[in-house]
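Chains as they are written, first to last, in the working numbering: chain A, 1492 to 1610; chain B, 79 to 259.
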């Protein structure tokens, strides 16, 4: 079901979503995106450059936040502009009880999305 | 978490050379902190992709799976056609592959002197004329659009413009923060 332009008002909030981020997700994203910066998979390296631990690719967080938009509009092909500012890192420790990458509107690691979509 | 505080104070300045400033680091040793400075004369420098990028169904599927997005328009050509697309389309952040490749070429430019291990992604934007889709053959050019120094960090802004058959498809903007020592 595709959202119609006439159904949306300025200021409308998109539904909050929570996304799990594990080391496995980062390894897979590194391969798919071509971003093999070791801060995203090598704990020793991450700490050696002053990071608390491995951190998620910003672009992985942006991709997850983008799902909030495309799932909401129902038309993944109608995104005209999508921008984010990365304001805090998503730290991903080596455990399966991974931290969560919240969508817009939550405190903690956060991404500001400024999407505009068609329809 | 200090290295990640991107809420820089105003008072930015354009750097023309590296300078050393004292007492700006919050570290316990209160050491001198080296300001990262990137030569502003490189604004406008362009880095064309060495070869066209072919968007394939397989790569789109791999990327969609990596971001755990199971939208059928990314993997099922019939679903994509039903949605009005000639073939499967790519997720909105897929063009980062082009942006990453372009920024990697720029960051590796010895003239810039950027230490890749100190690079953090500051912001990212995409502006689309249409979605990327399987079958696209994209030519991309990455350009340095801004260089500045804020709070001891270098900030490098890049823009990658991708076209197919001479028509604009997407512009990816990327700001990289090069953290001070």
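We put the beta carbon where it would ideally sit given N, CA and C, even for glycine.
As the structure is a prediction and not an experimental result, all values here were calculated from the model.
Same chain, Cβ closer than 6 Å to residue i, five either side skipped, listed in chain order
| i | result |
| --- | --- |
| residue 192 of chain B | 185 and 256 |
| residue 1548 of chain A | 1520, 1526 and 1531 |
| residue 117 of chain B | none |
| residue 203 of chain B | 251 |
| residue 132 of chain B | 215 |
| residue 235 of chain B | 223, 224 and 253 |
Spatial neighbours of residue i in its chain, beta-carbon cut-off 8 Å, leaving aside the 5 residues before and after
| i | result |
| --- | --- |
| residue 245 of chain B | 207 |
| residue 219 of chain B | 124, 125, 126, 127, 180, 238 and 239 |
| residue 1545 of chain A | 1514, 1517, 1530, 1531, 1532, 1533, 1534, 1537, 1582, 1583, 1584 and 1585 |
| residue 169 of chain B | 138, 141, 142, 145, 147, 149 and 152 |
| residue 1550 of chain A | 1520, 1524 and 1526 |
Cβ-based burial, residue i [other Cβ within 10 Å; buried from 16]
| i | result |
| --- | --- |
| residue 128 of chain B | exposed |
| residue 1495 of chain A | exposed |
| residue 1533 of chain A | exposed |
| residue 113 of chain B | buried |
| residue 215 of chain B | exposed |
| residue 187 of chain B | exposed |
| residue 232 of chain B | buried |
| residue 1552 of chain A | buried |
| residue 213 of chain B | exposed |
| residue 210 of chain B | buried |
| residue 1497 of chain A | exposed |
| residue 147 of chain B | buried |
| residue 136 of chain B | exposed |
| residue 258 of chain B | buried |
| residue 160 of chain B | exposed |
Residue i versus residue j - alpha carbon distance
| i | j | result |
| --- | --- | --- |
| residue 225 of chain B | residue 1554 of chain A | 26 Å |
| residue 157 of chain B | residue 237 of chain B | 32 Å |
| residue 182 of chain B | residue 174 of chain B | 12 Å |
| residue 1558 of chain A | residue 1567 of chain A | 9 Å |
| residue 123 of chain B | residue 180 of chain B | 12 Å |
| residue 201 of chain B | residue 120 of chain B | 20 Å |
| residue 1513 of chain A | residue 190 of chain B | 34 Å |
| residue 1541 of chain A | residue 197 of chain B | 12 Å |
| residue 141 of chain B | residue 221 of chain B | 25 Å |
| residue 178 of chain B | residue 195 of chain B | 15 Å |
| residue 1564 of chain A | residue 1536 of chain A | 40 Å |
| residue 242 of chain B | residue 1574 of chain A | 22 Å |
| residue 223 of chain B | residue 1508 of chain A | 34 Å |
| residue 1538 of chain A | residue 1522 of chain A | 22 Å |
| residue 102 of chain B | residue 230 of chain B | Interpretation of residue 102 of chain B is limited by its pLDDT of 37, a score under 50 that renders its predicted location unreliable; the figure taken from the coordinates is listed afterwards. Taking the straight line joining both Cα atoms gives about 8 Å. |
| residue 1569 of chain A | residue 144 of chain B | 21 Å |
| residue 1505 of chain A | residue 1560 of chain A | 8 Å |
| residue 1518 of chain A | residue 163 of chain B | 31 Å |
| residue 1500 of chain A | residue 1556 of chain A | 20 Å |
| residue 171 of chain B | residue 205 of chain B | 11 Å |
| residue 1503 of chain A | residue 1510 of chain A | 21 Å |
| residue 248 of chain B | residue 1543 of chain A | 35 Å |
| residue 1580 of chain A | residue 134 of chain B | 31 Å |
| residue 1528 of chain A | residue 199 of chain B | 11 Å |
| residue 1562 of chain A | residue 176 of chain B | 24 Å |
Contacts around residue i, its chain only, beta-carbon distance under 7 Å, and the 5 residues preceding and following it disregarded
| i | result |
| --- | --- |
| residue 150 of chain B | 157 |
| residue 155 of chain B | 165 and 166 |
| residue 130 of chain B | 215, 216 and 217 |
Closer than 7 Å at the beta carbon, the chain E residues around residue i
| i | result |
| --- | --- |
| residue 1555 of chain A | In the displayed structure, chain E is absent; the protein chains listed are A and B. |
Give, in chain order, every residue of the segment 1514-1534 of chain A whose Cβ lies closer than 9 Å to some Cβ of chain B. Residues of the segment 1514-1534 of chain A with a Cβ closer than 9 Å to any Cβ of chain B, in chain order: 1516, 1519, 1520, 1521, 1522, 1523, 1524, 1525, 1526, 1528, 1529 and 1530.
Can you check the segment 129-181 of chain B for any alpha helix (DSSP H) of at least 4 residues that lies completely inside it and give the ranges in chain order? Qualifying alpha helix (DSSP H) stretches, in chain order: 135-144 and 155-160.
Closer than 9 Å, Cβ to any Cβ of chain A: which residues of the segment 121-155 of chain B, in chain order? Going along the segment 121-155 of chain B in chain order, one finds 137, 140, 141, 142, 143, 144, 145, 146, 147, 149, 151 and 152 with a Cβ nearer than 9 Å to chain A.
For a minimum of 4 consecutive residues, which ranges assigned as the alpha helix (DSSP H) are wholly contained in the segment 170-235 of chain B? As summarised for the segment 170-235 of chain B, the continuous alpha helix (DSSP H) elements at least 4 residues long and confined to that stretch are 174-185, given in chain order.
Residues from the segment 204-227 of chain B in contact with chain A, defined by Cβ distance under 7 Å: Taking 7 Å as the upper bound on Cβ-Cβ separation, chain A lies near residues 204, 205, 206 and 209 of the segment 204-227 of chain B.
Closer than 8 Å, Cβ to Cβ, to anything on chain A: give me those residues from the segment 175-204 of chain B, in chain order. Contact annotation: in the segment 175-204 of chain B, residues whose CB is within less than 8 Å of a CB in chain A are 175, 178, 179, 194, 195, 196, 197, 198, 199, 200, 201, 202, 203 and 204.
Under 9 Å, CB to CB, which of the residues in the segment 1535-1549 of chain A have a partner in chain B? Those residues of the segment 1535-1549 of chain A that come within reach of chain B (Cβ to Cβ, closer than 9 Å) are 1536, 1539, 1540, 1541, 1542, 1543, 1546, 1548 and 1549.
Residues within the segment 1569-1585 of chain A neighbouring chain B, beta-carbon criterion of under 7 Å: 1570, 1571, 1572, 1573, 1574, 1575, 1576, 1577, 1578, 1579 and 1580: these are the residues of the segment 1569-1585 of chain A whose beta carbon lies less than 7 Å from some beta carbon of chain B, given in chain order.
In chain order, what are the residue ranges of uninterrupted alpha helix (DSSP H) at least 4 long that sit wholly in the segment 1516-1603 of chain A? With a minimum length of 4 residues, the continuous alpha helix (DSSP H) runs that stay inside the segment 1516-1603 of chain A are 1534-1539 and 1549-1564.
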